[in-house]
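To keep things clear, I will list the structure first and then write my remarks on it.
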Amino acid sequence: LAKTTQPISMDSYEGQEVNITCSHNNIATNDYITWYQQFPSQGPRFIIQGYKTKVTNEVASLFIPADRKSSTLSLPRVSLSDTAVYYCLVGAFSGGYNKLIFGAGTRLAVHP
Amino acid sequence: GAVVSQHPSWVICKSGTSVKIECRSLDFQATTMFWYRQFPKQSLMLMATSNEGSKATYEQGVEKDKFLINHASLTLSTLTVTSAHPEDSSFYICSAAGQGWSEQYFGPGTRLTVT
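From first to last, the protein sequence lines are chains P and X.
The first sequence begins at 1 in the numbering used here and counts up by one.
The second sequence begins at 1001 in the numbering used here and counts up by one.
In structure tokens:
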């Protein structure tokens, strides 16, 4: 399984756009890139998933360059409630399921 | 998104006793369920993967005789911590995926404290 590297922590202010970049140099052909958000004492929440190029949903965008060795989660206009840990995961969907190995994640602190 | 529940949300037990944690998929059939544990300020660690009707596959270093996993139906998986000790105190989280899904949906977690 490909290893991921993210910044340990980031700080931002309300209303700003936040971009969290994850590197996954050893990503395999079958791997998807998935981002989760976790608040203290809660289970992770699925944010977005992509394979290549750009994916956008109602809460975030995911940018994946052509070589797929990195990805960037973009959170538009963050609020205090976006303070959480964000995990970038790379997993292969094989054998009927997608096994996820969590890295350290990025602790995002949004300030007033 | 798909909803996954866990019960109980927290439990305190005495050392040497066993504790069962339930994980349910409420609005979909979960062909695969996963169990994780998380210590304070640390990331999630995958313990095991279970497919409905099959034996669970445990990650390296996880004692399968201590952490019993049963996935008897498409909506329910259970994790039993046998002969619990204080070092088993942790946050246990399950996740579930439907057939052909590439994403997993997580439960709210169960806080286990062993005294």
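Cβ coordinates follow ideal geometry from the N, Cα and C atoms, glycine included.
Keep in mind that this is a model prediction, so the values were computed, not measured.
- For P/D82, the three-state secondary structure derived from DSSP is helix.
- Non-local beta-carbon contacts of X/T1078 in its own chain, meaning distances under 6 Å to residues more than five positions away in sequence, involve K1020, E1022 and N1070 in chain order.
- In this structure, the alpha-carbon of P/A104 lies about 24 Å from that of P/Q16.
- In the DSSP assignment, X/E1022 is bridged to X/H1007 and X/T1078.
- Between the alpha carbons of X/W1035 and P/L73 lies a distance of about 26 Å.
- Here P/V18 is buried. Its C-beta has 16 or more other C-beta atoms within 10 Å.
- Counting along the chain, X/S1073 sits inside the beta strand (DSSP E) bounded by residues F1067 to S1073.
- Classified as exposed, P/V59 has fewer than 16 neighbouring CB atoms from the shown chains inside 10 Å of its CB.
- Taken in chain order, the complete beta strand (DSSP E) segments of 3 residues or longer contained in the segment 36–72 of chain P are 45–50, 53–56 and 61–64.
- Between the alpha carbons of X/C1094 and P/F63 lies a distance of about 28 Å.
- As the crow flies, the alpha-carbon of X/W1101 is around 35 Å from that of P/Y13.
- Along the segment 1044–1064 of chain X, the positions whose C-beta sits under 8 Å from a C-beta of chain P are L1044, M1045, L1046, T1049 and N1051, read in chain order.
- With contacts defined as CB atoms closer than 9 Å, P/A109 and P/Q38 fail to qualify as a contacting pair.
- A Cβ of chain P is located within less than 9 Å of the beta carbon of X/E1103.
- Taking C-beta atoms as the reference points, X/T1017 and X/A1097 fail to come closer than 9 Å.
- The CB of P/P76 never comes closer than 9 Å to any CB in chain X; the least such distance is about 20 Å.
- With respect to P/S41, X/R1111 sits close: the two C-beta atoms are nearer than 9 Å.
- Within the DSSP secondary-structure output, P/I8 pairs in no beta bridge.
- Taking a C-beta distance under 9 Å as the contact criterion, X/F1091 and X/V1081 do not qualify as a contact pair.
- Annotation: P/I20 to P/L80 spans about 17 Å, alpha carbon to alpha carbon.
- Against chain P, the beta carbon of X/R1111 has neighbours under 8 Å at S41, listed in chain order.
- With a threshold of 9 Å between beta carbons, P/P7 makes no contact with chain X.
- In this structure, the beta-carbon distance from P/T53 to P/S23 does not fall below 9 Å.
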